[in-house]
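Residue numbers (the working numbering): 281 to 612. Read the structure below first, then the notes.
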Ligand SMILES: C[S@@+](CC[C@H](N)C(=O)[O-])C[C@H]1O[C@@H](n2cnc3c(N)ncnc32)[C@H](O)[C@@H]1O
């Protein structure tokens, strides 16, 4: 992937400043799902509008925006077909982006209030919805399911890579805290056949997946802001700390630390900011995390400082092939 997309001209900058409209059109195309509807061949604007109960004039405008950016192709007879790139928005594509581009209204609208986040340093989401994002998911099981699918899409490849690198012993009992649907736990158990594992997450997440879990995984319901009633040789926090501010992270680290048996280790897995070489997507997600959750990506020094405040010492760093690092911490 290209590391930088620096605009060179006034025209490019003007286009970039309007690309939020194209992004939104792409989300709609994936969500409804217009892309899936087009997999069996070109369709007229009327057929697409009828299928999704859309206004035909508005639909035409959307389809032409998407055609301008090569997601669709407008054919001579007025029909629209998927381009090769457009196929990545189909659910059935093996490398589908549909679940990765999870932007329902509640993940999108906070950006209309980005200036509030800039003024306060706090997530615009909370102001707009009068609650934190994970409480919103709790009240919206439909979005909770989509969030779980989104995390599975984010994690499937990286979990296989990470599982090979995790510094676990064959007979360890490890616990993935905020482990979601459990894909890292499963991948790690496949690497460490004698190990056993617990999967800790919010009740609504665990309730969704309990019946579907591998028999080697013990599900544990709770909040990582409360003491966790379990012990392990290794506690994993993957893509968890980046959702929270420093104060909240310290509470999570404290509760995670208290699950460790003597000699146990905490494994924090995150994208670690490098500085000038960070790719644009890392920076986009960093701002997204602040606006939605009040969190953000951190540098190695930021993690060192957090660990220090939580009476933990950074004892090892494993850089992996999936752009995430495994930070090993031990009790001081
Ligand atoms: C960004 S997801 C990461 C999931 C998983 N670790 C992964 O990398 O795919 C954050 C996870 O934290 C969980 N979570 C949020 N608040 C929580 C809380 N208070 N206690 C326990 N888990 C929580 C969410 O349900 C979600 O599964």
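Beta carbons: idealized from backbone N, C-alpha and C, even for Gly. These numbers come from a predicted model, not from an experiment.
Close CB contacts of residue 368 within its chain, under the 7 angstroms cut and outside five residues either way in sequence, are with 375, 376 and 377 (chain order).
The DSSP-derived three-state label of residue 534 is helix. With the rule of 3 Cβ pairs closer than 8 angstroms, the segment 549 to 561 counts as touching the segment 505 to 524.
Within the DSSP secondary-structure output, residue 553 pairs in a beta bridge with 579.
At a cut-off of 3 residues, the continuous stretches assigned as beta strand (DSSP E) that sit fully inside the segment 349 to 411 are 352 to 354 and 359 to 362. In this structure residue 285 is exposed. Its beta-carbon is surrounded by fewer than 16 other beta-carbon atoms within 10 angstroms.
Under the three-state reduction of DSSP, residue 513 is assigned to strand.
Burial state of residue 509 is exposed, judged by a 10 Å Cβ sphere holding fewer than 16 other Cβ atoms.
In this structure, the straight-line span from the alpha carbon of residue 585 to that of residue 312 is close to 44 angstroms. When the beta-carbon positions are compared, residue 405 and residue 571 come within less than 9 angstroms of each other.
When the beta-carbon positions are compared, residue 345 and residue 301 come within less than 9 angstroms of each other. Here residue 599 carries a strand assignment [DSSP, helix/strand/coil]. Between residue 338 and residue 358, the alpha-carbon positions lie close to 15 angstroms from each other. In this structure, residue 486 lies near residue 501, with their beta-carbon atoms less than 9 angstroms apart. For ligand 1, a non-hydrogen atom lies closer than 8 angstroms to the CB of residue 485.
Segment contact: the segment 377 to 395 against the segment 347 to 358, fewer than three CB-CB distances shorter than 8 angstroms; contact not assigned. Taking the Cα positions, residue 596 is about 40 angstroms away from residue 392. Under DSSP, no beta-bridge partner is assigned to residue 495.
Of the candidates 308, 373, 365 and 321, the residue whose Cα lies closest to the Cα of residue 341 is 308.
Here the distance from the Cβ of residue 461 to the nearest heavy atom of ligand 1 is below 8 angstroms. No heavy atom of ligand 1 is found nearer than 8 angstroms to the CB of residue 440.
Taking 9 angstroms as the cut-off, the Cβ atoms of residue 461 and residue 488 count as close.
Placement of the Cβ of residue 568 at a distance of 8 angstroms or more from every heavy atom of ligand 1 is found. In the three-state scheme derived from DSSP, where H, G and I count as helix and E and B as strand, residue 346 is classed as helix.
For residue 475, there is no enclosing beta strand (DSSP E), since its DSSP letter is neither H nor E. In this structure, 347 is the residue among 347, 326, 533 and 507 with its C-alpha nearest to the C-alpha of residue 361. Rounded to the nearest whole angstrom, the CA to CA distance from residue 365 to residue 324 is 20 angstroms. Looking at the DSSP output, residue 548 shares a beta bridge with 517 and 607. With a cut-off of 8 angstroms, the C-beta of residue 504 is classified as near ligand 1, since at least one heavy atom of the ligand falls inside that distance. Taking the CA atoms as reference points, residue 318 sits about 26 angstroms from residue 436.
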